[in-house]
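Report on one structure; see the data block that follows.
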Amino acid sequence: MSLYDRLVKLKNKLGKTALRFPRTNEEKLTRKKWDRVTTILMRRYDYDIDSALDEYRRQEEITATRRF
Numbered sequence: 002m003s004l005y006d007r008l009v010k011l012k013n014k015l016g017k018t019a020l021r022f023p024r025t026n027e028e029k030l031t032r033k034k035w036d037r038v039t040t041i042l043m044r045r046y047d048y049d050i051d052s053a054l055d056e057y058r059r060q061e062e063i064t065a066t067r068r069f
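Heads up: the sequence shown begins at 2 in the working numbering, then just goes up one per residue.
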């Protein structure tokens with residue numbers, strides 16, 4: 002199994018338990034690992050970068066409409 006396959010498998014596994022706003026130390030560690038694996042996949046393999054950029058743009062639109 003290649004490094005890419007292992008990273009994708011780990012990202013999917015961590016993605017099931019990683020919370021957006023973690024509270025406990027264990028949740029924070031899980032979120033930190035998920036962020037790290039996702040960053041490696043995006044920078045090294047351009048994995049899912051289009052959907053991440055779309056999500057970022059959507060968040061910008063949502064915050065822009067709430068600022069009035």
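Just so it is clear, CB atoms sit at the ideal spot from N, CA and C, and this is done for glycine as well.
Looking from the CA of LEU20, the closest CA among THR64, ASP49, ASP47, TRP35 belongs to TRP35. The shortest C-alpha to C-alpha distance from GLY16 to any of THR40, THR31, ILE41, ALA65 is the one to THR31. Counting only unbroken stretches of 3 or more residues, no beta strand (DSSP E) element lies wholly within the segment 5–46. The C-beta distance from TYR5 to TYR46 rounds to 6 Å, short enough to fall under 8 Å.
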